[in-house]
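I have placed the structure first, in the form of structure tokens, so that the comments after it can refer back to it.
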Amino acid sequence: MLTSLMRGSTALVCLSLATPAMAQDSDPGFLGTLILTGGKRDLSFGTALSRTVVGEEEIQDRQASTVAQLIDSVPGVTLVNGTTPQGSGINIRGFGANTTFGSDQKIAVQIDGASVGSEELYRIGTQLFTDPLLYREVEVLRGTIGSFAYGSGIVGGVVKLETKDASDFTGGVPGFGGSQTLEFGSNGKGWVSSTNLAWMPTERTEFLLNYSLRDQEDLTAGDGSTVGNSAFRTPSYLAKGKFTFGQDDAHSLTFSHSSTVADDKDVPYDQFDTSGGMFGNVDRLTETIQTVLEYRFNPTNDLVDLRANLSYADQKIEYDYIPGSSPLEGTPSFPAIVGTVNANQRYETTKLTVTNRALFATGAVSHDMLAGVEAQRRIRADNTAAGAPGGTNDRFALFVVDEMSIGQFSVTPALRYENSRIESAVPLAGAPDTYEKDALMGGLALAYDFGNGLSVFGSAAYTEGLPIIDDLGTGATAQRRIDISEKSHTFELGAEYTGTDVFVAGDTFTIRGNLYQTELWDITSYTVAGSTSTELDRVDSRGFELEASYGMANGFYVDFAAHLGEGTEFNPDGTDTTWRNSPADRAQLTLGKNWDDRLDLSWEIVHATDRRDALGADLSDSTVHNLRATWKPQAQGWLDGSEVRFGVENVLDADYVGRLSSPSRKAPGRTFKVTLSKTF
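Going by the working numbering, the letters in the sequence shown line up with residues 9 to 688, in that order.
Take a look at the structure:
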């Protein structure tokens with residue numbers, strides 16, 4: 009049934025083609041999106057973009073230990089090996105993290121505009137190594153639609169994180185403010201302390217400091233066994249300032265700097281597994297920093313909304329092998345093993361993105377046009393022993409996205425041109441030291457608003473993944489991979505409805521359904537099962553995503569999110585099999601009741617089927633129940649501004665392994681969590 013639906017959607021979308029319309033004043037996107045919610049999650053309405061936002065209230069409510077745990081509730085998102093900051097990976101629609109690398113270059117991750125987490129490091133997670141409590145919002149854009157302002161080769165989607173602002177605590181008026189959060193978890197004896205100090209000396213100047221410390225011992229699975237390699241301790245901090253100046257406050261300058269560190273002793277090198285295995289154990293120091301400086305000029309002129317975002321991201325991973333921890337020590341294979349696990353890794357990404365958003369009309373057509381230019385340099389220290397060749401990757405891109413509206417009909421074309429030049433850090437015998445390639449990509453989105461709360465949309469997009477530093481090498485396989493670029497197209501078709509007083513007076517209802525189909529070819533990042541050099545011929549991935557939210561005037565609400573999909577990987581010899589990285593079929597239902605914003609009680613049910621572990625073995629269906637309660641005392645004095653959150657995750661102590669996770673890395677069992685927070 010799904011296949012027939014997808015064929016129908018492809019035929020319809022081919023009549024249109026596709027790309028995005030975005031929302032929010034805070035990023036380079038487009039106007040016209042209405043945000044309605046009946047429950048915990050905001051849903052976008054009036055856009056062809058598959059977009060989900062996890063706001064600050066939900067970030068606090070989920071009491072997540074990692075950013076990845078925040079967004080695995082989004083349709084089509086799978087959390088791979090997901091209980092630690094270093095080991096967890098994000099997979100969207102079957103692309104991103106996989107069972108070997110924390111990234112396959114087909115999703116993009118940005119923190120305040122800085123590009124992070126994009127290195128293909130063996131047996132290391134997503135490198136989205138940061139603390140959830142640093143952020144006020146996490147946005148997930150699914151598919152290629154909406155990606156052209158953020159990079160090339162994006163098939164799964166984009167994850168955008170926005171750090172907190174001082175004005176979030178001061179209410180936007182001069183003075184001091186802040187918050188203190190303490191959280192405790194029974195499983196793994198986890199705890200976290202997060203402190204925010206905010207100061208606005210004037211309405212045009214604001215400063216914020218955050219320090220968070222998160223600690224967790226090894227977790228316990230539902231069957232009572234210990235989940236090895238799940239302990240961590242991560243101090244994080246954020247420093248942020250904003251200055252507004254000029255006539256009509258048209259100019260602003262924002263600076264943010266964040267860092268997360270982990271100093272792990274005698275832990276497995278393989279972050280995906282629960283034991284050292286053949287690699288043994290290491291002392292590992294991981295440090296990730298992001299620094300962003302953004303200038304904005306937004307005068308009272310519809311033609312000008314200029315942003316210049318300069319970012320620098322740096323990650324260092326230092327290893328020291330623990331003698332005697334590898335079972336291969338003393339064998340001929342050991343020198344290669346110790347060379348891998350003793351090698352330090354570092355990569356730095358500097359990027360400048362300049363965009364302008366213009367609102368104008370040409371006759372009966374109104375335009376919301378974003379145009380930009382981007383220059384990026386990525387430098388990676390040479391670590392050939394660990395399969396991470398060093399080099400420099402310089403990229404230059406131009407992009408434009410124009411949402412054109414004629415009455416209730418909108419057309420959004422998008423284009424991105426990108427040029428990439430790679431230079432090896434060391435001379436390559438018998439092979440060029442530099443490679444250069446460029447590509448033109450883009451698409452078109454169509455949407456029609458019937459004016460009664462119902463709208464339909466269709467989209468198609470084409471993108472290319474240009475070769476990366478990891479493709480450097482002298483062998484025939486490396487040369488083949490760096491000489492071609494991966495290509496994909498994605499078609500989408502959907503409908504959405506939002507309204508009030510739908511079933512009873514005072515209620516709010518929003519629902520959005522979306523069919524997608526993606527084909528990837530000229531593949532360089534996935535090999536045939538059992539081979540290290542023969543690439544797949546192509547990959548087809550297709551699915552259906554559904555999000556809905558309903559709320560009543562008496563505070564009762566329902567949130568629903570689901571994904572149903574399938575995928576096929578095709579071998580060069582004509583055979584095919586199930587796409588190894590496809591997400592599980594999954595449905596999530598939340599039932600809750602809110603009493604005058606004082607007390608919120610909810611029950612979340614998550615059911616997943618059609619599941620496989622990292623080795624491809626079939627897994628049984630899983631059903632997990634989570635209970636949450638939030639109490640906000642409406643009182644003066646020391647209780648003013650305080651919140652108490654209580655959660656029970658995996659209430660029935662279900663024993664299961666997450667989709668695409670290592671068979672030995674079971675999901676955490678029953679966990680009681682309590683969070684105490686106070687703003688001042």
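Cβ atoms here follow ideal geometry from the backbone N, Cα and C, with glycine treated the same way.
None of these values were measured; they are calculated from a predicted model.
Length of the line joining the Cα atoms of residue i and residue j
| i | j | result |
| --- | --- | --- |
| Leu149 | Val167 | 6 Å |
| Ser672 | Val300 | 39 Å |
| Leu318 | Thr234 | 44 Å |
| Asp226 | Arg70 | 20 Å |
| Phe103 | Tyr329 | 32 Å |
| Ser267 | Val61 | 23 Å |
| Asp176 | Val117 | 24 Å |
| Ser590 | Gly575 | 6 Å |
| Ser685 | Ile67 | 13 Å |
| Ile536 | Val200 | What sits at residue 536 in the sequence shown is Val, not Ile. Those two C-alpha atoms are separated by around 43 Å. |
| Arg488 | Phe280 | 29 Å |
| Glu302 | Ser123 | 14 Å |
| Leu216 | Leu261 | 14 Å |
| Gly450 | Leu129 | 29 Å |
| Leu588 | Ala625 | Rather than Leu, the amino acid found at residue 588 in this sequence is Arg. Distance between the alpha carbons of Arg588 and Ala625 is about 10 Å. |
| Val512 | Ser650 | 34 Å |
| Ile519 | Glu145 | 22 Å |
| Tyr443 | Leu474 | 11 Å |
| Gln188 | Thr138 | 19 Å |
| Asn427 | Ala439 | 21 Å |
| Ser264 | Leu246 | 7 Å |
Contact set for residue i: own chain, Cβ-Cβ below 8 Å, skip 5 residues either direction
| i | result |
| --- | --- |
| Asp605 | Lys640 |
| Ala369 | His375 |
| Leu627 | Arg619, Arg620, Asp621, Tyr664, Val665 and Arg667 |
| Asp629 | His615, Ala616, Thr617 and Arg619 |
| Ile531 | Glu494, Glu543, Leu544, Asp545, Arg546 and Val547 |
| Gly63 | Arg49, Asp50, Arg144 and Glu145 |
Supposed close pair residue i, residue j - CB separation, criterion 8 Å
| i | j | result |
| --- | --- | --- |
| Phe552 | Leu528 | At roughly 19 Å, the Cβ-Cβ gap does not stay under 8 Å, so Phe552 and Leu528 are not in contact. |
| Ala206 | Gly186 | 5 Å |
| Ala76 | Leu136 | 7 Å |
| Thr471 | Ser160 | 6 Å |
| Thr482 | Ala437 | 6 Å |
| Asp173 | Lys273 | The Cβ separation is near 36 Å, so there is no contact. |
| Leu423 | Asn364 | Wrong, their Cβ atoms sit about 15 Å apart, outside the cutoff. |
Identity of the residue in the options nearest residue i by Cα
| i | options | result |
| --- | --- | --- |
| Ser413 | Ala455, Glu382, Glu431 and Arg386 | Ala455 |
| Asn99 | Gln384, Gly125 and Thr358 | Gly125 |
| Gly110 | Asp69, Ser96, Asn306 and Asp491 | Ser96 |
| Asp291 | Asp509, Ala351 and Ala321 | Ala351 |
| Ala389 | Gln255, Glu504, Gln323 and Val614 | Gln323 |
| Thr540 | Ser244, Leu635 and Thr485 | Thr485 |
| Phe458 | Ala503, Asp446, Leu448 and Thr442 | Ala503 |
| Gly677 | Asp231, Arg315, Thr363 and Ser533 | Asp231 |
| Phe192 | Lys681, Thr687 and Phe688 | Lys681 |
| Ala689 | Phe407, Phe499, Ile477 and Asn306 | Only positions 9 to 688 of the chain appear in the structure, and residue 689 is not among them; the question remains open. |
| Val362 | Ser264, Gly380, Ile531 and Val312 | Gly380 |
| Ser244 | Ser155, Ile297 and Leu216 | Ile297 |
| Leu635 | Leu448, Asn658, Ala643 and Gln642 | Asn658 |
| Asp661 | His633, Gln416, Val82 and Arg550 | His633 |
| His497 | Asn562, Gly151 and Asp441 | Gly151 |
| Thr586 | Arg550, Ser610, Lys601 and Glu555 | Arg550 |
| Pro435 | Ser283, Gly399 and Leu378 | Gly399 |
Own chain partners of residue i with C-beta closer than 6 Å, once the 5 adjacent residues on each side are dropped
| i | result |
| --- | --- |
| Val85 | Ile79 and Ile100 |
| Asp35 | Because Asp35 sits at a pLDDT of 46, beneath the cut-off of 50, its placement in the model cannot be relied upon, and the following sentence gives the value as read from the coordinates. Cβ within range, chain order: n/a, list empty. |
| Arg386 | Thr357 and Asn401 |
| Arg241 | Asp223 |
| Ala4 | As displayed, the chain neither begins before 9 nor continues past 688, which places residue 4 out of reach and without an answer. |
| Gly655 | Gln71, Arg636 and Lys681 |
| Thr508 | Thr516 |
| Gly119 | A quick correction: the sequence has Ile, not Gly, at residue 119. Leu169 and Gln298. |
Residues bridged to residue i [DSSP beta-bridge criterion]
| i | result |
| --- | --- |
| Met412 | His375 and Val419 |
| Thr516 | Thr508 and Gly559 |
| Asn204 | Ser187 and Asn218 |
| Leu87 | Ile98 |
Residue-level contact to chain C via CB, residue i, 9 Å cutoff
| i | result |
| --- | --- |
| Gly575 | Here there is only one protein chain, and chain C is not present. |
7 Å CB neighbourhood of residue i in its chain, flanking five on each side removed
| i | result |
| --- | --- |
| Pro182 | Met208, Pro209, Thr210 and Glu211 |
| Asp567 | Gly47, Lys48, Arg49, Ser557 and Thr598 |
| Val275 | Asn237, Asn289, Val290 and Arg292 |
| Val346 | Tyr329 |
| Asn89 | Gly95, Ser96, Gly97, Gly133, Phe280, Ser669, Ser670 and Arg673 |
| Ser81 | Ala569 and Gln596 |
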